[in-house]
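In what follows, a structure is listed as structure tokens, so that the remarks can point back to it.
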Amino acid sequence: MADQKRPPQEEEQAKKSGELEKKLRKSEKRLQEQLQEAQKTQAKAQERFKRAEARMQKRAVRVQRLQERLAAVRQQQAGRTNPQQPAAEHAFSGVSGERATPAAGPGKAPSNASAPQEDAVEQAKEARATAEAAEMAARLASERAVEVSSRLGQPDSGRHLEQEPAESQLEVDRASIEALEAERLAQDAGEDADRYLQSAEHEATRAHALLADAEAAEERALNTAMNAEAEAEVAEGMALAAKDQAEEGFEELPVSTQPLTDGIEERLQDTSPAEKGAQLDGDDELDDTEELPAVPKQESE
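For the sequence shown, my numbering assigns the number 116 to the initial residue and increments by one for each residue that follows.
Shown next as structure tokens:
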């Protein structure tokens with residue numbers, strides 16, 4: 116009995132093992148597909164990372180160029196300073212002039228939409244120059260305050276130096292205010308530069324899209340023109356063939372007078388016998404008159 120029951124159990128075990136192998140193969144296949152998808156996504160992510168890194172490097176190069184230009188502007192501004200004038204007055208005049216220039220800059224920026232990057236660079240230059248002028252004014256004011264305090268410490272100082280501390284304090288306050296204003300303007304200029312850069316990139320993308328649309332429209336127009344020209348050539352060929360066929364048919368038509376005689380016979384059949392006789396007599400008279408010969412003049416004499 117035991118020997119008879121073993122074969123079905125073995126068959127069941129074989130079926131179970133086969134099903135397990137199928138499930139394992141399916142799961143292994145799914146895992147391989149998931150692994151391939153993960154590898155593809157990883158490769159795409161690496162490509163995006165490389166592109167972002169390249170864009171960052173390009174922007175870093177742009178920032179470096181901007182810094183170099185700003186450094187050149189600083190050198191030019193430092194070379195234009197006049198040491199003969201009072202240091203504080205010159206600093207404050209430079210600060211006020213530079214502050215007025217950035218104030219007019221943002222007003223002109225929207226009107227000059229054709230070159231946003233140049234506007235951003237100019238605003239960044241003006242803001243950096245303003246910050247440098249404010250920093251110079253603050254440094255000069257602090258140096259003057261130190262000089263005034265040292266003069267007040269001397270016993271031989273006059274009464275005209277009694278108002279120097281208050282004036283120096285006012286100059287320091289003004290310099291600090293100008294420095295804060297310059298910092299704010301520099302921050303605004305940086306934001307404007309980023310905004311203009313984004314708008315320039317958007318305009319470049321839009322220009323590429325418009326160029327692609329124009330090329331596609333031009334290609335469609337060219338195809339339409341070619342199709343119309345081909346149809347015109349086909350129509351012209353058909354017209355010439357029809358004309359030639361009509362000319363050939365006209366040349367092949369026979370020239371005969373059969374319709375005229377048929378018409379005369381029909382009219383004779385329609386007339387009565389008396390009319391036919393009259394017509395025949397008239398025809399004979401016409402024939403007689405037509406057949407009479409002409410008599411010469413000599414024979415008549």
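Glycine is no exception: its CB is placed at the ideal position from the N, C-alpha and C atoms. Here the structure is a predicted model, which means the values were calculated and not measured.
Can you give the Cα-Cα distance for residue 316 and residue 184, rounded to whole angstroms?
Working through the sequence shown from its first residue, we reach residue 316 at position 201. Working through the sequence shown from its first residue, we reach residue 184 at position 69. Their Cα atoms are separated by approximately 22 Å.
Hey, out of 134, 312, 122, whose CA is closest to residue 174's CA?
Locating residue 174 in the sequence shown gives position 59, where the first residue counts as 1. If we check each option's Cα against that of residue 174, 312 comes out closest.
Distance between residue 338 and residue 332 (C-alpha atoms, nearest Å):
Working through the sequence shown from its first residue, we reach residue 332 at position 217. Working through the sequence shown from its first residue, we reach residue 338 at position 223. Rounded to whole angstroms, residue 332 to residue 338 spans 10 Å at the Cα level.
Whole angstroms is fine: what's the gap from residue 351's alpha carbon to residue 325's?
Taking the sequence shown and counting its residues from 1, the one referred to as residue 351 is at position 236. Taking the sequence shown and counting its residues from 1, the one referred to as residue 325 is at position 210. Taking the straight line from one Cα to the other gives about 38 Å.
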